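Beneath this line is the structure, given in structure tokens, with notes to follow.
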Amino acid sequence: MVSINFFTKSDIESVNFINHLPEKLYFLESDGQVFHNLDDIDDGKLIQLHFRACGGKGGFGSLLRSFRIHKSSNQLMCRNLQGRRLADVREEERLKKYIAKKAEREKEKQKKKDEKIERLKAGGETKHQFEDQKYLRKRDTLLDEVEDAVEAGMDALGVKAASSEREVSETIADTEPIAGCSNSTQWSEEVPTTEAESSESDIDLDEVMSIGPIKKSKNASI
2 MVSINFFTKS DIESVNFINH LPEKLYFLES DGQVFHNLDD IDDGKLIQLH
52 FRACGGKGGF GSLLRSFRIH KSSNQLMCRN LQGRRLADVR EEERLKKYIA
102 KKAEREKEKQ KKKDEKIERL KAGGETKHQF EDQKYLRKRD TLLDEVEDAV
152 EAGMDALGVK AASSEREVSE TIADTEPIAG CSNSTQWSEE VPTTEAESSE
202 SDIDLDEVMS IGPIKKSKNA SI
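Using our numbering, the first residue of the sequence shown is number 2, and each one after it goes up by one.
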């Protein structure tokens, strides 16, 4: 709805303009009252003209609000005046910068390669020399101590092996049969005559075998 500022009936220009308008297009307001005819208003009172606007079905405001809500925040998908998307334009600029710096990158890469070759040609010279004399003396001492400990362990192991061999030889000597007695004589004298004696001899033989070889004690030899 459009309105015109206040005027009075003495304003001939405004009155003539209103008289040429169809009554359906406007209405008048004076002292808070609505009038459809200018003659119904008293002289000297302020009058305000309001034009009627053709109304629609409505809902246009809510439609605009929905467009604002669903508006994409990704500005790169927008197009410039040439019709190109901003994302494509930015990608093109990035590729141009990459190509422009390609020669510089190749130069830097070749420089690093040359430096590596020079280091390899130098033969691996040590850049740092270790000069801690206290550590060097301690290292030599530890090496000597480890070598002495290994030799002592080997000697002790050899002595233990020799003593074990000696004990084994003594055990074998103690278990040899008495000279002058043949095995055939002993078995012929001890042949059982009955089944009871045969079972008893088998039990005694099993007990002897379970005990194992008899070692010669030191006290008996003395």
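C-beta: ideal position from N, C-alpha, C; glycine also.
Computed from a predicted model, the values in this text were never measured in an experiment.
Three-state class that DSSP yields for residue i in the structure shown
| i | result |
| --- | --- |
| E14 | helix |
| R80 | strand |
| R86 | strand |
| D43 | coil |
| D133 | coil |
| L65 | helix |
| A123 | coil |
| N20 | helix |
| T142 | helix |
| G159 | helix |
| T9 | coil |
| G154 | helix |
| S164 | helix |
| K102 | coil |
| S74 | coil |
| K117 | helix |
| T195 | Model confidence at T195 stands at a pLDDT of 48, short of 50, so the residue's coordinates are unreliable and nothing is read from them. |
Extent of the continuous alpha helix (DSSP H) run through residue i
| i | result |
| --- | --- |
| E30 | Here E30 belongs to no alpha helix (DSSP H); instead the beta strand (DSSP E) covers 27-31. |
DSSP beta-bridge partners of residue i
| i | result |
| --- | --- |
| Q34 | S31 |
Cβ distance (whole Å) where residue i is taken to contact residue j below 8 Å
| i | j | result |
| --- | --- | --- |
| Y27 | F52 | 5 Å |
| R86 | L77 | 7 Å |
| S74 | I48 | That pair is no contact at about 51 Å. |
Close-in-space but distant-in-sequence residues of the same chain around residue i (CB under 8 Å, 5 per side omitted)
| i | result |
| --- | --- |
| I19 | Y27, L29, L39, L50 |
| V90 | N81 |
6 Å CB neighbourhood of residue i in its chain, flanking five on each side removed
| i | result |
| --- | --- |
| F36 | L29, I42 |
| W188 | Because W188 sits at a pLDDT of 46, beneath the cut-off of 50, its placement in the model cannot be relied upon, and the following sentence gives the value as read from the coordinates. For W188, where only same-chain residues beyond five positions count, there are no Cβ hits under 6 Å. |
| P44 | It should be pointed out that residue 44 corresponds to Asp in this sequence rather than to Pro. Counting only Cβ-Cβ distances below 6 Å, and skipping sequence neighbours, we find K10. |
| A88 | L77 |
Beta-carbon proximity list for residue i, same chain, < 7 Å, skipping 5 on both sides
| i | result |
| --- | --- |
| R80 | R86 |
| S15 | F8 |
Near the ligand GTP: residue i beta-carbon under 7 Å from a heavy atom
| i | result |
| --- | --- |
| M155 | Among the components modelled here there is no ligand, and therefore nothing to report on the ligand GTP. |
Any chain D beta carbon closer than 8 Å to residue i
| i | result |
| --- | --- |
| R91 | As a matter of chain content, chain D is missing from the structure shown, which is built from one protein chain. |
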